[in-house]
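Chemist: Here it is, the structure in full.
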Amino acid sequence: MNKSFLPILILIPSLSFGLSSYSTHSMEYMDALESVPPVAIEAYDIDEDNDNNFMSVPNETAGLSKDCCLFPMKVKATDSYSGASAAQRAFNARRDNGARLHAAADLYQSQYQPVYAIADGTILEDREPFYLGTNATVIEHTGGFIVRYGEIASNSIKPLKLKKEVVAGQLIGYIKKVNSKKVTSAMLHFELFSGKAQGPLTVKTTTKNKYGRRSDLMNPTTYLLAWEKTLR
Ligand SMILES: [Zn+2]
């Protein structure tokens with residue numbers, strides 16, 4: 125933990141008291157906290173020194189180049205998901221007072237904003253239940269990396285066929301705001317995996333894996349920023 129953060133910790137119990145009832149629920153339910161309106165402790169509540177990360181920092185050796193892909197929407201995110209201003213939208217942002225870390229970058233946009241496949245790939249899951257009334261689609265993209273496109277609607281497009289191919293830029297769904305008054309915007313919750321591990325993408329959260337995700341989870345932020353720049 126960042127030592128400079130310690131004095132602020134004293135304030136957390138009072139600020140988080142109203143959220144404490146969530147702590148007995150499932151991890152998916154806990155994820156609803158990801159969109160708690162930004163308060164002072166959240167705004168800079170990023171684990172900058174990465175001392176409790178279990179995965180390596182993403183890099184080109186993961187088989188993913190920044191020019192591989194398209195941004196998953198045709199418009200930019202309305203709010204920052206990088207740096208201090210990213211607040212709870214950032215990958216690595218703390219959840220549950222640091223017991224968990226955010227496994228995605230949250231791309232805020234208007235309700236039902238279309239979502240597109242960032243590259244060619246194969247459908248592994250098509251709008252499976254994710255949490256709080258939203259769904260997630262999982263695609264293994266060319267090169268082996270995997271994207272979970274989270275917080276999208278379950279309907280509005282024809283079913284995608286499992287194990288069938290999608291092409292870069294193909295419409296795969298629409299973002300949908302989670303069913304919580306604490307959430308201020310619809311968003312695409314974008315998770316990136318290198319594809320170098322096996323098994324379910326979601327795993328039990330532990331002290332060594334605060335993301336509750338498979339060990340090949342990557343930080344998608346620098347990639348998303350690069351892809352977003354190509355939008356006109
Ligand atoms: Zn998220």
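One rule links them: number in my numbering = place in the sequence shown (from 1) + 124. No residue lacks a Cβ here, since even glycine has one placed at the ideal position from N, Cα and C.
Identify whether Thr345 lies in helix, strand or coil by the three-state DSSP scheme.
Modeler: Helix at Thr345.
Chemist: For Val291 and Leu194, I'd like the C-alpha separation in whole angstroms.
Modeler: Each residue's alpha carbon lies about 11 Å from the other.
Chemist: Is DSSP giving Ala208 helix, strand or coil here?
Modeler: The answer is helix: DSSP assigns Ala208 an H, G or I state.
Chemist: Taking only three categories from DSSP, how would you classify Gly336?
Modeler: Coil at Gly336, not helix or strand.
Chemist: Determine the closest residue to Gly293 out of Thr345, Tyr240, Leu286 and Met342, with distance taken between C-alpha atoms.
Modeler: Comparing Cα-Cα distances from Gly293 to each of Thr345, Tyr240, Leu286 and Met342, the minimum goes to Tyr240.
Chemist: Residues in the same chain with beta-carbon distance under 7 Å from Cys192, minus the five sequence neighbours each way, listed in chain order, please.
Modeler: Taken in chain order, the residues that qualify are Ala243 and Gly267.
Chemist: With burial defined as no fewer than 16 other Cβ atoms inside 10 Å of the residue's Cβ, what is the status of Glu275: buried or exposed?
Modeler: The residue is buried, with at least 16 neighbouring Cβ atoms inside 10 Å.
Chemist: What's the call for Asn126, buried or exposed, on a 16-neighbour Cβ count within 10 Å?
Modeler: Confidence is the limiting factor: at Asn126 the pLDDT is only 46, short of 50, which leaves the residue's position unreliable, though a coordinate-based value still follows. Exposed.
Chemist: By how many angstroms is the C-alpha of Lys288 removed from the C-alpha of Arg219?
Modeler: Using only the alpha carbons, I get a separation of about 35 Å.
Chemist: Identify the residues that DSSP records as bridge partners of Glu264: which are they?
Modeler: Thr246 and Ile270.
Chemist: Run through DSSP, which three-state label would Asn279 get?
Modeler: Three-state DSSP puts Asn279 in coil, outside helix and strand.
Chemist: How far does the beta strand (DSSP E) with Pro238 in it reach, from first residue to last?
Modeler: Looking at the DSSP string, the run of the beta strand (DSSP E) that includes Pro238 is Pro238 to Tyr240.
Chemist: Using a Cβ-based criterion (distance less than 7 Å to any ligand heavy atom), does Asp230 qualify as near ligand 1?
Modeler: Asp230: yes, Cβ under 7 Å from ligand 1.
Chemist: Throw me the rounded Cβ distance for the Met197 and Leu312 pair, which I believe falls under 8 Å.
Modeler: With a Cβ gap of about 7 Å, Met197 and Leu312 count as contacting.
Chemist: For a test of the three-state rule: what should DSSP assign to Asp220, helix, strand or coil?
Modeler: In this structure, Asp220 counts as helix in the three-state DSSP scheme.
Chemist: Given 8 Å as the limit, is there contact between the segment 257-272 and the segment 302-318, that is, 3 or more CB pairs closer than that?
Modeler: With the cut-off at 8 Å, the segment 257-272 and the segment 302-318 touch.
Chemist: By Cβ distance below 8 Å, which residues in the same chain neighbour Ile281 in space, the five residues on each side in sequence not counted?
Modeler: Counting only Cβ-Cβ distances below 8 Å, and skipping sequence neighbours, we find Leu295, Ile296, Gly297 and Tyr298.
Chemist: With a threshold of 6 Å on Cβ separation, who are the neighbours of Glu152 within its own chain once the five nearest residues in sequence on each side are excluded?
Modeler: The predicted model places Glu152 with a pLDDT of 41, which falls under 50 and marks its position as unreliable; any figure quoted below should be read in that light. For Glu152, where only same-chain residues beyond five positions count, the Cβ hits under 6 Å are Tyr255.
Chemist: Looking at the strands, I want to know which residues DSSP matches up with Glu289.
Modeler: Paired residue(s): Thr246.
Chemist: Between Asp203, Leu355, Pro253 and Ala227, which lies nearest to Ser339 when the distance is taken from Cα to Cα?
Modeler: Minimum Cα distance to Ser339 is reached at Ala227.
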